[in-house]
Amino acid sequence: MSDRIKEMMVEIEDLRQKLKEEIEQQEKEIDYEIKNGYIKFEDEVLSKQKENMKHLLAWFGETPFVQLLTAPVVYGMVLPALLLDLMLFIYTCVVSRVFKIRFAERKDYIVFDRHYLGYLNIIEKLNCLYCSYFNGLMQYSAAVAGRTELYFCPIKHAKKIAYDHNYYDAFFVYGDGDGYPERLEKLREETRQISS
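Numbering-wise, the working numbering puts 575 at position 162 of the sequence shown, and it's gapless, one number per residue.
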């Protein structure tokens, strides 16, 4: 990887961090605090949120019937998701011990906090619970797969891919086999040092 590409990667990461800080600054306008893992709104804010909640009868009345019929299909994905979650747990336990790879922590990806929002009814909270779990699990599995790929096969694809994970930029250029075994071992050693 050229020095210019490395510089650009640092610049992009700096911009991401600045964007994150700017978004966090805007989010501070909403008054809540996180205490011992629980989110607490001021009573006035929570009361105002509850005024904006769509009650169940209104929600069911406005939801197209065909959408309600899809619920078993949508929620049926919970079973394969739970199986994937279990397999990821087993995989990370085994692989991290054998190959000394530090994997991302599940709790950093699967976050349940939308049920504290007063403007969501029970169905919307259930939907948010489902989406938080499912999307968090997909992101977590991508992080685990990315770290695995970084260790076992850190070579970029010749064909461009639609999605690349956080570690893809560190991969070797496709077709560049010069000193591959040595570079691979060096990268593996660096991989063992990465904390998340």
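Even glycine gets a Cβ: it sits at the ideal position worked out from N, Cα and C.
Option nearest residue i by Cα separation, candidates the options
| i | options | result |
| --- | --- | --- |
| K573 | F565, V586, Y564 | V586 |
| H468 | I436, F512, Y532, A484 | Y532 |
| I443 | F454, T476, E435 | F454 |
| L459 | L530, A575, G450 | L530 |
| A558 | E518, E424, R417 | E518 |
| F565 | Y488, L482, K599, T476 | K599 |
| K594 | D582, P567, I607 | The sequence given here places Pro at residue 594; Lys does not occur at that position. It is P567. |
| I418 | A583, D589, R601, D591 | A583 |
For residue i, three-class secondary structure by DSSP
| i | result |
| --- | --- |
| Y445 | strand |
| I514 | coil |
| F478 | helix |
| L501 | helix |
| S509 | helix |
| H619 | Nothing about residue 619 can be reported from this structure: the residues present for the chain run from 414 to 609 only. |
| A575 | coil |
| Y522 | coil |
| M490 | coil |
Expected contact under 8 Å - CB spacing of residue i and residue j to nearest Å
| i | j | result |
| --- | --- | --- |
| T604 | I514 | 6 Å |
| F525 | M490 | That pair is no contact at about 17 Å. |
| I523 | Y553 | 6 Å |
| L597 | Y580 | No, L597 and Y580 are not in contact; Cβ-Cβ is about 14 Å, not under 8 Å. |
| L550 | A484 | Not a contact, Cβ separation roughly 19 Å. |
| I452 | Y445 | 6 Å |
| R527 | K520 | Not quite, the Cβ-Cβ distance comes to about 16 Å (not below 8 Å), so this is no contact. |
| Y576 | Y488 | Not confirmed; about 26 Å, so no contact. |
Residues bridged to residue i (per DSSP)
| i | result |
| --- | --- |
| I452 | I447 |
| F585 | I568 |
Could you pull out every unbroken beta strand (DSSP E) segment of at least 3 residues lying fully inside the region 532–568, listed in chain order?
none
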